[in-house]
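Mind the numbering: the sequence shown is residues 1 to 459 in our numbering, read in order.
Don't be surprised by glycine CBs; every beta carbon is placed ideally from N, CA and C.
Structure first, then comments.
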Amino acid sequence: MNIINFISDCYANELKIALDENIKRQTWQEVKNLSTEINRHCGYINLLSRKYFIQWLNLVCNINITDTNNIIDYITIWEFINGNAINVNNNRLVLIPTETQDRVSISIPKEWLKIPEWVGSYYVIVGVNLEENYLDFWGYINYDNLQENGETDNLNHTVNLPYECLETDLNLMALEYEYSWENIPQVSPLKCLSPQIQKNLITELENSFFPRLSLDFSDWLSLVSIADARYKLYSHRQSISLGDLLKNKTENILRKGWQSLQDFIKDNFETDFDLKMSPAFRSISPQEGLNVLVKNDNYGQILEILNTIPNWQIRENLQQEFIRVLVDLINNTNDEEILWSSVFALESLQANHSLCSKGYGKLINFNEENKNYGLLINILPRNFGQISIFVRVSVLSNEDNLPESLSLKILDENEDLFQAIISEKGDNTIQYKFWADEGETFKIQVSCNNNYIEDTFKV
Numbered sequence: 001m002n003i004i005n006f007i008s009d010c011y012a013n014e015l016k017i018a019l020d021e022n023i024k025r026q027t028w029q030e031v032k033n034l035s036t037e038i039n040r041h042c043g044y045i046n047l048l049s050r051k052y053f054i055q056w057l058n059l060v061c062n063i064n065i066t067d068t069n070n071i072i073d074y075i076t077i078w079e080f081i082n083g084n085a086i087n088v089n090n091n092r093l094v095l096i097p098t099e100t101q102d103r104v105s106i107s108i109p110k111e112w113l114k115i116p117e118w119v120g121s122y123y124v125i126v127g128v129n130l131e132e133n134y135l136d137f138w139g140y141i142n143y144d145n146l147q148e149n150g151e152t153d154n155l156n157h158t159v160n161l162p163y164e165c166l167e168t169d170l171n172l173m174a175l176e177y178e179y180s181w182e183n184i185p186q187v188s189p190l191k192c193l194s195p196q197i198q199k200n201l202i203t204e205l206e207n208s209f210f211p212r213l214s215l216d217f218s219d220w221l222s223l224v225s226i227a228d229a230r231y232k233l234y235s236h237r238q239s240i241s242l243g244d245l246l247k248n249k250t251e252n253i254l255r256k257g258w259q260s261l262q263d264f265i266k267d268n269f270e271t272d273f274d275l276k277m278s279p280a281f282r283s284i285s286p287q288e289g290l291n292v293l294v295k296n297d298n299y300g301q302i303l304e305i306l307n308t309i310p311n312w313q314i315r316e317n318l319q320q321e322f323i324r325v326l327v328d329l330i331n332n333t334n335d336e337e338i339l340w341s342s343v344f345a346l347e348s349l350q351a352n353h354s355l356c357s358k359g360y361g362k363l364i365n366f367n368e369e370n371k372n373y374g375l376l377i378n379i380l381p382r383n384f385g386q387i388s389i390f391v392r393v394s395v396l397s398n399e400d401n402l403p404e405s406l407s408l409k410i411l412d413e414n415e416d417l418f419q420a421i422i423s424e425k426g427d428n429t430i431q432y433k434f435w436a437d438e439g440e441t442f443k444i445q446v447s448c449n450n451n452y453i454e455d456t457f458k459v
């Protein structure tokens, strides 16, 4: 089906295409798994440009190009690099979208000029104006002219091309198709990377904000040109989906060094370490405690009783009453302290109850006297797509304390600080409870002595 709606109110030879809202929505869904808002936006404008340009080519050149490549091939490129390539018979066109409205120069990532499988016969610059809802094809240039007229930026690994070097009438490129486009240029082969070197580089780049600027560029070119290595690097950088964890899809979180909380506690905590939310309250009997929970009029005492339940030996005839009260508290409270105390109390009585949380732990180390600490996360689904989240950093032994000024930070998807908890002298645990809405992304960062570890999560 023809999706092109040309905009006629423009200069001669200028090609403007209006964007369709349905296609925009569909395109956004296809790129939503990229790891950051910036990368998702890069993927979005690239995929929009790609879809419309293929439609335009099919229309004006009377050909039938179908985009048969798996979308993940493009996604793994847009995680790191702007641009995408379209193969037409024995030729290749490289699209470079830009959102700047100032037609002075264009920056083209050098990957599109150096990687043999990516190099194009022609480079097409696509202006993307989301505010006014159209694509504006600025023009094109062939490989040789780009090399001759472009200025290399070795710091950012781009070639910067003056706008006036573009041929602005894309119809000429379509006309040239009838007489055969220029062949794909032959460029120097890249150096080979052994599987072990690939693995080492992927590990090195896992938490880098700008991976293409973090390596020797020749190493980067070789690494990113290998589809399997690029996919592994992309996968390592993906946010951990809380929705997947609630469905027991744990491949991504396990790959990032996490374990189920039960396994983590068994493997790393000393057997006598007491991982409780607060000191236990043991001066009343289970029956008296149950009466207080049912009465539900003393907040402080309710919390103490909830945190004591895992330590009580509760008779079987009382357990079901406790479970009923705890389920009622979990379903009806808006207080995060009551919620998580009730959840952990319920887990101590019936570990497979549907209202039990999903928990995971990760070993962290800041090269401080070789000491390890535990980063723990528990999640619980709530109403309206919300998920309650409980994050802790804890020592692993009763003999230890957290180092002073260790920080647990929650960052939003724009890397802005949402909350920070700082350890003080004598602390063995710091923690924070919050909830997030469906679709939100957040980052957990733990830092100490100028070192940090972090993971990104998506609700």
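Endpoints, alpha helix (DSSP H) assigned at residue i
i           : result
residue 174 : 170 to 178
residue 304 : 299 to 308
residue 208 : That residue, residue 208, is in no alpha helix (DSSP H); it is neither H nor E in DSSP.
residue 341 : 336 to 349
residue 318 : 316 to 332
Residue j beta carbon less than 8 Å from that of residue i
i           : j           : result
residue 57  : residue 43  : no
residue 423 : residue 406 : yes
residue 239 : residue 458 : yes
residue 374 : residue 394 : yes
residue 410 : residue 432 : yes
residue 193 : residue 170 : no
residue 361 : residue 401 : no
residue 366 : residue 451 : yes
residue 122 : residue 141 : yes
residue 349 : residue 355 : no
residue 65  : residue 97  : no
residue 440 : residue 415 : no
residue 163 : residue 104 : yes
residue 79  : residue 234 : yes
residue 435 : residue 382 : yes
residue 48  : residue 24  : yes
Residue i: first and last residue of the uninterrupted beta strand (DSSP E) it sits in
i           : result
residue 163 : Segment: none, residue 163 is in no beta strand (DSSP E) and carries neither H nor E.
residue 38  : Residue 38 -> not in any beta strand (DSSP E); alpha helix (DSSP H) instead, spanning 37 to 61.
residue 84  : 84 to 88
residue 103 : Note, residue 103: premise wrong, no beta strand (DSSP E); not H, not E.
residue 420 : 417 to 422
Whole-Å CB distance - residue i paired with residue j, under 8 Å assumed
i           : j           : result
residue 167 : residue 139 : 5 Å
residue 127 : residue 94  : Incorrect: roughly 16 Å between the Cβ atoms, too far for contact.
residue 290 : residue 261 : The pair is not a contact, with the Cβ atoms about 27 Å apart (cut-off 8 Å).
residue 218 : residue 205 : About 15 Å; that fails the 8 Å criterion.
residue 38  : residue 17  : About 25 Å separates the two Cβ atoms, so there is no contact after all.
residue 110 : residue 157 : 5 Å
residue 302 : residue 294 : Incorrect: roughly 10 Å between the Cβ atoms, too far for contact.
residue 145 : residue 136 : Not a contact, Cβ separation roughly 21 Å.
residue 363 : residue 268 : 6 Å
residue 256 : residue 455 : 6 Å
residue 241 : residue 190 : About 34 Å separates the two Cβ atoms, so there is no contact after all.
For residue i, the three-state DSSP class (helix, strand or coil)
i           : result
residue 185 : coil
residue 76  : helix
residue 139 : strand
residue 27  : helix
residue 148 : helix
residue 239 : coil
residue 386 : coil
residue 430 : strand
residue 456 : strand
residue 17  : strand
residue 437 : coil
residue 95  : strand
residue 120 : coil
residue 167 : strand
residue 67  : coil
residue 125 : strand
residue 1   : The predicted model places residue 1 with a pLDDT of 45, which falls under 50 and marks its position as unreliable; any figure quoted below should be read in that light. It is coil, neither helix nor strand.
residue 403 : coil
residue 34  : coil
residue 380 : strand
residue 216 : coil
residue 451 : strand
residue 225 : helix
residue 200 : helix
Residue i - partner residues in DSSP beta bridges
i           : result
residue 375 : 362 and 393
residue 268 : Residue 268 pairs with nothing; no bridge assigned.
residue 259 : 361
residue 411 : 417 and 443
residue 110 : Answer is none; residue 110 lacks a bridge partner.
residue 6   : 17
residue 133 : DSSP output for residue 133 lists no bridge partner at all.
residue 158 : 109 and 153
Neighbour flag for residue i against chain D, beta carbons, 8 Å
i           : result
residue 228 : No chain D is present in this structure, which holds just one protein chain.
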